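See structure below.
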Amino acid sequence: MKIVVCGLGYVGVTVAACMLRKGATVVGVDVNSQKVEIANAGRSPVKEAGIHEIFARARAESRLTAATTLGSALADADVVVACVGTPSCGDGSLELSYVSSVSEEIGMAVRHRSSQCRPLLCLFRSTMLPGTMDAVVVPKLSEAAGEPPGHLYEPVYNPEFMRESTAIADYFNPPKIVVGERFPGAAQELYGIYDGIDAPVFKVPFAVAEMVKYVDNYFHALKVSFANEIARLALAAAVNPQDVTRIFLSDTKLNVSSYYLRPGNAFGGSCLPKDVRALGAFGRKHGVNVPLLQSVIASNTAHKSFVARLVLARVPKGSRILQLGLTFKPDTDDLRESPLVELAATLLEEGYDLSLFEPDLKPEQLIGANLAFVRANLARLPGLLVTDFGRAAAKADLIVLGKAMPGIKLPTGKQVLNLYRL
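Residue numbers (our numbering): 284 to 705.
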């Protein structure tokens, strides 16, 4: 297999090295002549464990060359991998000129390929925001190639999940392989470049693959910031942060797991809102600046407003809405700080004809803080509750599923908005 790698930075050099290790012939392309000279000397342009040895061996075997332009490299290539930079602009947005340029260059080079060749697989690995493949890459390729994808070439977005200093090991042992394609099957198994690598493969539309890369990076940054803010609070309380972290990380059931990481409604209940506010107050009292932690309540409030707008946009005021769920989670009658109580109150204020179906709740059994919260936030509750789900659903213009309700079969032909899984 012949592979052309555009961009000899950390990602491009690692891709080149890994493909060489798999036995491919590689042509590296970079506008930086110094990087090209280094690669042609059989050395790595970047410091990354294991690459120097691979480059030296491949160069000796005449399987590695480098140039400052594509030239005729794509005439007989199987795959071209674009790993050009997407640096930040002053406002934080991405500078896409390199992506645009390499797309145009690849498209122009495609014109000179024989129609007898199988479509050139154009893998883009640059980190790009959702919509870039559709709005920038594919149009540039199509215009330069003189025809749309499919016959001469096929664009694919294939983000990388490698860490500097362990990049080669990460490439051959990735947590996942994500393939963004124009339509299901367009990537054609990536011509076997991932053969022999054991990892879950996700084939998705371009924008999903583009966003996955950002979600990963953002979450990694979030984890670092979270750990450091917790450490500052712990130190203010004369607590060893490492002791706290060791115990926190030992919980792989709730903490280091998929729990609480499914997009849905806002959090609520008697614990999370209260404890988040309390730790924030502790930080302010001790003069510890923890902006990430202190923004959690504001973020949760913003999500409640977002959810309410989703409902309001579905049907006009005065419509009949059946809301399924009122307590903050299934199998509890706890209404305290439930986002579904706040949603119900908002819908009433906006003039909707609201009915509530909540099998976990018996109003006559409400006592204490639970009762006080209902009286303060939804005094009309008893008159809104319905027990005949089928009858209420038949009358509704919109059914809002607020939480998981096993055993409840939603009617067909009715408009349903699922807030439990956005």
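Glycine included, each C-beta is placed from N, C-alpha and C at the ideal position. Small disclaimer: the values here were computed from a predicted structure and weren't measured.
Say yes only if the C-beta of LEU661 is nearer than 7 Å to one or more non-hydrogen atoms of the ligand ADP, and no if none qualify. Although the ligand ADP was asked about, the structure shown includes no ligands whatsoever.
Please state whether the Cβ-Cβ distance between VAL439 and CYS405 is less than 8 Å. For this step, residue 439 is matched to residue 156 along the sequence shown. For this step, residue 405 is matched to residue 122 along the sequence shown. Yes, the Cβ-Cβ distance between VAL439 and CYS405 is below 8 Å.
By a C-beta neighbour count over all protein chains shown, 10 Å radius and 16 as the cutoff for buried, is ILE513 buried or exposed? Position 230 of the sequence shown, counted from the first residue, corresponds to residue 513. ILE513 comes out buried.
Less than 8 Å between the CB atoms is what I'm expecting for PHE307 and ALA349, so what's the real figure, rounded? Here residue 307 refers to the residue found at position 24 when the sequence shown is read from its first residue. Here residue 349 refers to the residue found at position 66 when the sequence shown is read from its first residue. Contrary to the premise, residue 307 reads as Ala rather than Phe in this sequence. For ALA307 against ALA349, the beta-carbon gap comes to about 15 Å, at or over 8 Å, which does not count as contact.
Between the C-alpha atoms of ALA427 and ILE389, what's the straight-line distance to the nearest angstrom? As a position in the sequence shown, residue 427 is number 144, starting the count at 1. As a position in the sequence shown, residue 389 is number 106, starting the count at 1. Counting only the Cα atoms, ILE389 lies some 8 Å from ALA427.
Among all the DSSP beta bridges, which residues are the ones paired with GLY666? Your numbering for residue 666 matches position 383 in the sequence shown. Paired residues: none, contrary to the question.
Using C-beta distances below 6 Å, list every residue in its chain close to ALA679, excluding the 5 sequence neighbours before and after it, in chain order. Within the sequence shown, the letter at position 396 stands for residue 679. Contacts found: ARG603, LEU605.
In three-state terms, what does DSSP make of ALA300? Your numbering for residue 300 matches position 17 in the sequence shown. The answer is helix: DSSP assigns ALA300 an H, G or I state.
Assuming the contact rule is C-beta atoms closer than 8 Å, VAL495 and VAL461 should be a hit. Round their C-beta distance to whole Å, please. To locate residue 495, count along the sequence shown from 1; it is residue 212. To locate residue 461, count along the sequence shown from 1; it is residue 178. For VAL495 against VAL461, the beta-carbon gap comes to about 5 Å, under 8 Å, which counts as contact.
Leaving out five residues before and five after ASN701 in sequence, what residues of the same chain have Cβ atoms less than 7 Å from its Cβ? Here the question's residue 701 lines up with position 418 in the sequence shown. Cβ contact annotation for ASN701 (same chain, cutoff 7 Å, sequence separation greater than five): LEU684, in chain order.
Residue range of the alpha helix (DSSP H) that includes ILE691: Position 408 of the sequence shown holds residue 691. Judged by DSSP secondary structure, ILE691 falls outside any alpha helix (DSSP H); it is assigned neither H nor E.
Contact check, VAL287 vs VAL363 under 8 Å by CB: the rounded distance? Taking the first residue of the sequence shown as 1, we reach residue 287 at position 4. Taking the first residue of the sequence shown as 1, we reach residue 363 at position 80. VAL287 to VAL363, Cβ: 4 Å. Contact.
Just the C-alpha distance for ALA519 and VAL571, rounded to the nearest angstrom, thanks. As a first step, residue 519 must be located in the sequence shown, where it is residue number 236. As a first step, residue 571 must be located in the sequence shown, where it is residue number 288. Looking at the backbone, the Cα of ALA519 and that of VAL571 are separated by about 7 Å.
Best match in LYS285, ARG340, ARG704, PRO665 for proximity to TYR474 [C-alpha to C-alpha]: Within the sequence shown, the letter at position 191 stands for residue 474. If we check each option's Cα against that of TYR474, LYS285 comes out closest.
Can you give, in chain order, each stretch of the beta strand (DSSP E) that sits fully within the region 631 to 667 and has at least 3 residues? Note on the region 631 to 667: whole beta strand (DSSP E) runs with a minimum of 3 residues are 636 to 640, in chain order.
Going by the DSSP bridge assignment, what does PRO457 pair with across the sheet? Residue numbering aside, residue 457 sits at position 174 when the sequence shown is read from its first letter. Per DSSP, none; premise fails for PRO457.
7 Å CB neighbourhood of PHE656 in its chain, flanking five on each side removed: Stepping through the sequence shown from its first residue, residue 656 is reached at position 373. Correct list, in chain order: LEU618, ARG619.
Cβ neighbour criterion (16 or more within 10 Å) applied to TYR381: To locate residue 381, count along the sequence shown from 1; it is residue 98. So TYR381 ends up on the buried side.
Counted within 10 angstroms of its Cβ, other Cβ atoms place SER621 as buried (16 or more) or exposed: For the purposes of this step, residue 621 is identified with residue 338 of the sequence shown, where counting begins at 1. Buried: at least 16 other Cβ atoms inside 10 Å.
According to DSSP, what are the bridge partners of PRO488? Residue numbering aside, residue 488 sits at position 205 when the sequence shown is read from its first letter. DSSP, once it has assigned bridges, lists GLU464 as partnering PRO488.
Is PHE589 buried or exposed, if buried means 16 or more other CB atoms sit within 10 Å of its CB? For the purposes of this step, residue 589 is taken as the residue at position 306 of the sequence shown. Exposed, because fewer than 16 other Cβ atoms sit within 10 Å of the Cβ of PHE589.
Would the region 631 to 645 and the region 661 to 669 be scored as touching if the rule is three or more Cβ pairs under 8 Å? Here the region 631 to 645 makes contact with the region 661 to 669; the two share three or more CB pairs at distances below 8 Å.
Three-pair Cβ contact test at 8 Å for the region 499 to 517 versus the region 564 to 582: Because the criterion of three Cβ pairs below 8 Å is met, the region 499 to 517 and the region 564 to 582 touch.
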